[in-house]
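J.:
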Amino acid sequence: MREYFAYRIQDRDHSFSLILNSKRLLQQFLVDAYTMMETERLYYIRRQQHVLRCDSYENLRNQKAQGATDISNVGQRVILPSSFTCGACYMLQNYLEAMSLCKWFGYPDFFITLTCNPKWPEIKRFLKDTSLQPEDRPDILCRLKGESNFRQSLLHSHICLFMHPENKLPTVELIDPIISAEIPDRIEDPELYSLVNEFMIHGPCRAENMNCPCMVDKKRRNDGRFVEKSGVRLDNRSVVPYNKYLLKRYQEHINIEWCNQGSSIKYLFKYINKGPDRATVAVVPTNNECENNDALDEIAEYYDCRYLSACEASRRIFKYDVHCIYPSVFRLPFHFPNQQQIVYGEDDDIDDVIDKPSVAASKLTSWMECNAIGSEARKLTYVEFPTKFVWILNGRFWKRRKVGKAIDRIHSVSPKLGPTSFDEIRTVNGETHSSFRDACYALGLLDDDNEYIDAIKEASHYGSGFYLRFLFATLWMCNSMSNQEVIWKNT
24 MREYFAYRIQ DRDHSFSLIL NSKRLLQQFL VDAYTMMETE RLYYIRRQQH
74 VLRCDSYENL RNQKAQGATD ISNVGQRVIL PSSFTCGACY MLQNYLEAMS
124 LCKWFGYPDF FITLTCNPKW PEIKRFLKDT SLQPEDRPDI LCRLKGESNF
174 RQSLLHSHIC LFMHPENKLP TVELIDPIIS AEIPDRIEDP ELYSLVNEFM
224 IHGPCRAENM NCPCMVDKKR RNDGRFVEKS GVRLDNRSVV PYNKYLLKRY
274 QEHINIEWCN QGSSIKYLFK YINKGPDRAT VAVVPTNNEC ENNDALDEIA
324 EYYDCRYLSA CEASRRIFKY DVHCIYPSVF RLPFHFPNQQ QIVYGEDDDI
374 DDVIDKPSVA ASKLTSWMEC NAIGSEARKL TYVEFPTKFV WILNGRFWKR
424 RKVGKAIDRI HSVSPKLGPT SFDEIRTVNG ETHSSFRDAC YALGLLDDDN
474 EYIDAIKEAS HYGSGFYLRF LFATLWMCNS MSNQEVIWKN T
């Protein structure tokens with residue numbers, strides 16, 4: 024279906040397309056087309072809920088030991104996977120991967136926002152022989168930007184840029200040549216003055232427009248220069264920070280900010296918490312008063328009253344990326360012995376599922392096998408391992424990396440180098456403990472509540488308020504805290 028619509032909205036020489044010249048009807052056509060595509064994908068995922076199951080390897084072995092052969096009712100259902108673009112899990116995984124970059128390279132140095140300019144000469148040249156305006160061709164505008172925010176009237180990209188350690192900008196003297204927040208001299212640089220006047224002036228606001236929501240005064244040098252907007256003289260306080268070279272090069276609104284914290288990444292993925300723009304009320308009839316209506320339906324949450332623009336529809340029809348990250352982030356699972364997750368079909372035979380050679384092999388267990396046979400592998404922690412080795416999915420084994428670059432992400436794991444088995448992880452000073460918790464006690468990691476305080480503080484760098492409260496409640500329910508009030512006050 025996607026290929027059909029992508030074919031229909033292509034321009035062709037010596038052929039007039041009624042759809043592409045229909046102005047607002049084209050926008051409606053694009054939204055309806057993508058709605059059909061998205062609905063079909065969501066319907067397929069919902070239909071697969073009755074087919075796919077997910078459970079741990081150990082639970083399936085226990086089911087087999089009990090004589091069970093029917094596994095259609097075993098395991099939890101998979102709802103909306105992280106592979107579904109723009110879903111809740113997709114956004115969360117991308118956010119965690121972006122935060123992984125901070126662990127390796129520190130906080131981003133620059134936060135750049137680029138907004139599409141409908142007056143670009145390429146757009147004017149394309150539309151010069153027609154009666155169309157730029158907004159009448161969202162299929163053309165959507166090709167001009169990479170990672171985009173579709174909620175705005177014009178497409179714009181957000182970029183977090185990490186500088187090399189040798190090129191960091193720790194002082195004001197190094198930042199000033201890159202970021203400017205002043206009106207340039209009209210005589211010395213008339214081109215830059217014109218561009219700043221057109222693209223980089225914010226307002227009027229403050230006393231000139233009391234209805235404007237941004238009423239924060241910015242401290243800027245008063246050098247007497249001003250521009251006039253809507254009959255109001257605006258000084259340096261109304262200038263959005265910009266880079267002179269980029270502004271001249273691309274001639275669009277390009278806001279560049281220097282940042283040294285993770286809040287810029289949280290801003291990129293703020294809709295993880297906020298959710299899409301929507302408002303809905305539902306009255307659901309039921310014949311069973313005891314029926315549980317609180318079951319989470321991620322598909323319904325994603326689909327109901329979702330805002331969709333013509334630009335987003337065009338970009339998704341053409342299958343352009345909406346998010347990219349470099350270097351790539353490799354996700355590493357971590358699990359207890361025989362607790363790796365297995366996805367299987369509803370009608371699969373339990374013997375066929377368990378006896379597959381690939382089922383018992385996970386990234387974690389295969390890493391331990393590499394440590395057992397190679398001395399070089401033992402020098403790397405689990406998180407460092409994929410920087411030197413690559414995971415071969417078909418054979419489910421690690422192979423030495425020859426080309427490429429990747430960093431890794433894992434939720435939580437011991438920094439111990441190169442264990443060859445789970446028993447070795449539980450071994451401290453030559454003594455193998457009965458549980459991982461006892462091993463942590465032997466290492467002195469659980470002498471007080473500091474490990475809980477450190478865990479919550481670490482999570483605060485990337486987690487939302489809801490996540491932090493949920494984490495605290497989870498730790499509390501473990502009944503292992505000695506003083507919950509002290510932990511609450513210190514976090």
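Residue numbers for the sequence shown follow the working numbering, so the first one is 24 and each next one is one higher.
A virtual CB, placed ideally from N, CA and C, is assigned to each residue, including glycine.
1) Going by the DSSP bridge assignment, what does residue 451 pair with across the sheet?
2) Is the beta carbon of residue 121 sitting closer than 9 Å to the one on residue 353?
3) On the premise that residue 178 lies in contact with residue 222, defined as a C-beta separation below 8 Å, what is that separation, rounded to the nearest angstrom?
4) On the criterion of 16 or more Cβ atoms from any shown chain inside 10 Å, does residue 164 qualify as buried, or is it exposed?
5) To the nearest angstrom, report how far apart residue 494 and residue 67 are at their CA atoms.
6) Ignoring anything shorter than 3 residues, give me the beta strand (DSSP E) runs that lie fully in the stretch 124 to 197, in order along the chain.
7) Using the rule of at least 16 other Cβ atoms within 10 Å of the residue's Cβ for burial, across every protein chain shown, is residue 330 buried or exposed?
8) Would you mind sorting residue 110 into buried or exposed? The rule is 16 or more other CB atoms within 10 Å of its CB.
9) By a C-beta neighbour count over all protein chains shown, 10 Å radius and 16 as the cutoff for buried, is residue 386 buried or exposed?
10) Would you identify the three-state DSSP class for residue 265, choosing helix, strand or coil?
11) Using the C-alpha atoms, what's the distance from residue 152 back to residue 286?
12) Across which residues does DSSP place residue 205 in a beta bridge pair?
13) Give the straight-line distance between the Cα atoms of residue 149 and residue 157, rounded to the nearest whole angstrom.
14) Would residue 444 pass as a contact of residue 504 if the rule is Cβ separation under 9 Å?
15) From the DSSP output, read off the bridge partner residues of residue 429.
16) Quick one, are the C-beta atoms of residue 139 and residue 131 less than 9 Å apart?
17) Just to confirm, is the Cβ distance from residue 262 to residue 204 under 9 Å?
18) Let me check one thing: in DSSP terms, what residues is residue 390 bridge-paired to?
19) Among 201, 425, 282 and 259, which residue has its Cα nearest to the Cα of residue 228?
20) Hey, how far is the Cα of residue 288 from the Cα of residue 346?
21) Are there 16 or more other CB atoms within 10 angstroms of the CB of residue 50, so buried, or fewer, so exposed?
22) Could you tell me the alpha carbon to alpha carbon distance between residue 181 and residue 411, rounded to whole angstroms?
23) Where residue 193 and residue 128 are concerned, what is the direct C-alpha to C-alpha distance, given to the nearest angstrom?
24) Where does residue 342 sit, in a helix, a strand or coil, going by DSSP?
25) How is residue 412 classed by DSSP in three states: helix, strand or coil?
T.: Let me spell this out:
1) When DSSP reads this structure, residue 451 sits in a beta bridge with 454.
2) Contact flag unset, no.
3) Contact between residue 222 and residue 178 fails: their C-beta atoms lie close to 15 Å from each other, not under 8 Å.
4) Here residue 164 is buried, its C-beta having at least 16 other C-beta atoms within 10 Å.
5) Roughly 33 Å separates the two Cα atoms.
6) Listed in chain order, the complete beta strand (DSSP E) runs (minimum 3 residues) inside the stretch 124 to 197 are 133 to 138 and 179 to 184.
7) It counts as exposed.
8) Buried, since its Cβ has 16 or more Cβ neighbours within 10 Å.
9) With 16 or more other Cβ atoms from the protein chains shown falling within 10 Å of its own Cβ, residue 386 counts as buried.
10) Residue state, collapsed to three classes: strand.
11) Per the coordinates, the alpha-carbon of residue 286 lies some 46 Å from the alpha-carbon of residue 152.
12) Bridge partners of residue 205: none, in fact.
13) Straight-line spacing of the CA atoms in residue 149 and residue 157 works out to 10 Å.
14) Between residue 444 and residue 504, the C-beta gap is not smaller than 9 Å, which leaves the two residues out of contact.
15) Looking at the DSSP assignment, residue 429 forms a beta bridge with 351.
16) Not in contact: residue 139 and residue 131 (Cβ atoms no closer than 9 Å).
17) The Cβ atoms of residue 262 and residue 204 lie closer than 9 Å to each other.
18) In the DSSP output, where bridge partners are listed per residue, residue 390 has none listed.
19) Nearest neighbour of residue 228 by Cα position, chosen from 201, 425, 282 and 259, turns out to be 259.
20) Separation of residue 288 and residue 346 (C-alpha to C-alpha, rounded to the nearest whole angstrom) is 13 Å.
21) That one is buried.
22) If you take the alpha carbons of residue 181 and residue 411, they lie about 31 Å apart.
23) Distance between the alpha carbons of residue 193 and residue 128 is about 15 Å.
24) Coil at residue 342, not helix or strand.
25) When DSSP states are grouped into helix, strand and coil, residue 412 belongs to the strand group.
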